[in-house]
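Peer 1:
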Amino acid sequence: MSPTPKKTNPSSDVVLEVKDLVQSYNGRAVLNGLNFKVRKGETFVIMGGSGCGKTTLLRILIGAQKPTSGSVFLFGEDITKAPPQELDRIRLRFGMNFQFGALFQSMTVGENIALPLQEHSQVDPSLIEMIVKMKLELVGLTGFENFKPSELSGGMRKRVGLARALALDPELLFSDEPTSGLDPVMTAVVDQLTLDSTRKIGVTAVVVSHDMTSCFRIATHMLMLGNGPRQGEIIAEGTPEEIRANPDPFLQQFVRGEADGPIAFRLSQDDYLKHLLQEG
Ligand SMILES: Nc1ncnc2c1ncn2[C@@H]1O[C@H](COP(=O)(O)OP(=O)(O)O)[C@@H](O)[C@H]1O
Ligand SMILES: [Mg+2]
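Numbering (this note's numbering), first residue to last: 289 to 568.
1. So does G329 have its beta carbon nearer than 8 Å to some heavy atom of ligand 1?
2. Only counting the same chain, and skipping five residues up and downstream in sequence, which positions put a Cβ closer than 7 Å to that of I591?
3. Which partner residues of G578 appear in the DSSP bridge assignment?
4. Is the closest heavy atom of ligand 1 to the C-beta of G337 under 8 Å?
5. Return the Cβ separation of G443 and M474 in integer angstroms, given the expectation that the two are a contact with Cβ distance under 8 Å.
6. At a cut of 8 Å, does the region 450-465 reach the region 424-431 through at least three beta carbon pairs?
7. Assign A455 to one of two classes, buried (16 or more other C-beta atoms within 10 Å of its C-beta) or exposed (fewer than that).
8. Let's test the definition: count the other Cβ atoms within 10 Å of the Cβ of M335 and tell me whether it reaches 16, buried, or not, exposed.
9. Could you check the C-alpha separation between F432 and K421 for me, to the nearest Å?
10. Assuming C521 and N385 are in contact, meaning their beta carbons sit under 8 Å apart, how far apart are those beta carbons, in whole angstroms?
11. Answer yes or no: do T343 and Q393 have a C-beta to C-beta separation smaller than 9 Å?
12. Please report how far the alpha carbon of R445 lies from the alpha carbon of R487, in whole angstroms.
13. Just tell me which of G329, L322, K328, G364 has its CA closest to the CA of L346.
14. Output needed for R381: all residues of its chain with C-beta closer than 7 Å, excluding positions within five of it in sequence on either side, in chain order.
15. Below 8 Å, is the gap between the Cβ of K342 and the nearest heavy atom of ligand 1?
16. So does V496 have its beta carbon nearer than 8 Å to some heavy atom of ligand 2?
17. Fully enclosed by the region 381-434, which beta strand (DSSP E) runs are 3 residues long or longer?
18. Taking 8 Å as the cut-off, is the CB of D366 close to at least one heavy atom of ligand 2?
19. For I489, does the three-state DSSP call read helix, strand or coil?
20. If we ignore side chains and look at the alpha-carbon of each, how far apart do L513 and C340 end up?
21. Should L513 be listed as close to ligand 1, given that the test is whether its C-beta is under 8 Å from any heavy atom?
22. Between V333 and G389, what straight-line distance do the alpha-carbon atoms span, to the nearest angstrom?
23. Ordered along the chain, which non-local residues of its own chain (more than five positions away) have a Cβ less than 8 Å from that of D484?
24. Since E305 and K328 are thought to touch, with beta carbons under 8 Å apart, how far apart are those beta carbons, to the nearest angstrom?
25. With distances taken Cα to Cα, identify the nearest neighbour of F435 among V495, E330, L391.
26. Quickly, what does DSSP pair R327 with across the bridge? List them, please.
27. Tell me whether N400 is buried or exposed, calling it buried when 16 or more other Cβ atoms sit within 10 Å of its Cβ.
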């Protein structure tokens with residue numbers, strides 16, 4: 289008898305699944321019925337202009353905010369319905385790198401990175417010190433444990449945020465605008481760190497960004513959210529090659545970074561003002 293071929297179950301590869309997700313603020317749908325899946329090993333980049341709902345989406349994906357409707361399955365469990373203890377258990381499996389670092393200013397760099405280890409694990413203090421050193425080395429900040437965040441540059445603070453997100457060796461990393469506000473050289477450095485943690489260490493990543501150079505450098509899969517007249521919808525999804533080849537004018541304007549196109553002239557004054565305020 290010939291051996292039964294090993295069945296592969298593609299659904300077992302799914303780390304994150306979003307179903308019919310809606311988020312409205314004051315009756316206005318910022319995210320309007322999103323559906324997508326993130327598979328193990330992917331660097332899934334969510335892109336879109338300011339105000340399209342990237343941060344809102346990430347907050348919902350990590351269970352920090354309950355959506356208006358729809359579901360988010362993280363490792364197979366619907367976190368929109370999970371009780372708090374369950375959510376705490378799921379949180380041990382992912383790390384979050386916040387848009388503005390969200391570092392505690394009164395604590396040192398080392399204490400910031402040690403925090404998730406102290407809060408969520410039974411790790412011995414001497415081991416914590418070692419892990420902190422390892423994570424700082426990973427982001428190129430060896431020897432900076434006793435600095436305060438205010439003594440570091442923006443790029444360094446971003447890297448401390450990444451080190452903290454990786455403190456518990458998560459299977460999944462969420463990163464909100466990891467390169468925003470950085471110069472091109474520091475952007476390349478941070479992108480390389482993302483690549484090191486994904487391609488080399490094998491962490492699955494969901495990264496939100498409006499920096500197209502950075503998106504194309506790190507992504508294995510891309511999803512573009514609309515804003516302005518196309519607020520709430522997914523404009524396109526696919527591999528970087530598919531995104532580059534997609535003829536959607538909204539998408540192409542964004543990919544090429546052109547000022548003239550369907551995005552600018554259809555934005556309402558209100559949305560344009562919000563866009564300017566958020567850029568600052
Ligand atoms: N808590 C909130 N209450 C009301 N409106 C909000 C709230 N959070 C975000 N918004 C609005 O939702 C839209 C998307 O915001 P955000 O998720 O921060 O976008 P992005 O991260 O893509 O710039 C914006 O118009 C913003 O003003
Ligand atoms: Mg944002």
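Glycine included, every Cβ here is placed at the ideal spot set by N, Cα and C.
Peer 2: So, from the listed chains and residues:
1. no
2. Any property of residue 591 remains undetermined from this structure, which presents the chain solely from 289 to 568.
3. There is simply no residue 578 to check, as the chain begins at 289 and stops at 568 in what is shown.
4. yes
5. 4 Å
6. yes
7. buried
8. buried
9. 9 Å
10. Checking the displayed sequence, the identity of residue 521 turns out to be Glu instead of Cys. About 26 Å; that fails the 8 Å criterion.
11. no
12. 23 Å
13. L322
14. F363, P458, E459, L460
15. yes
16. yes
17. 382-385
18. no
19. coil
20. 6 Å
21. yes
22. 19 Å
23. L426
24. With a Cβ gap of about 12 Å, E305 and K328 do not count as contacting.
25. L391
26. V302
27. buried
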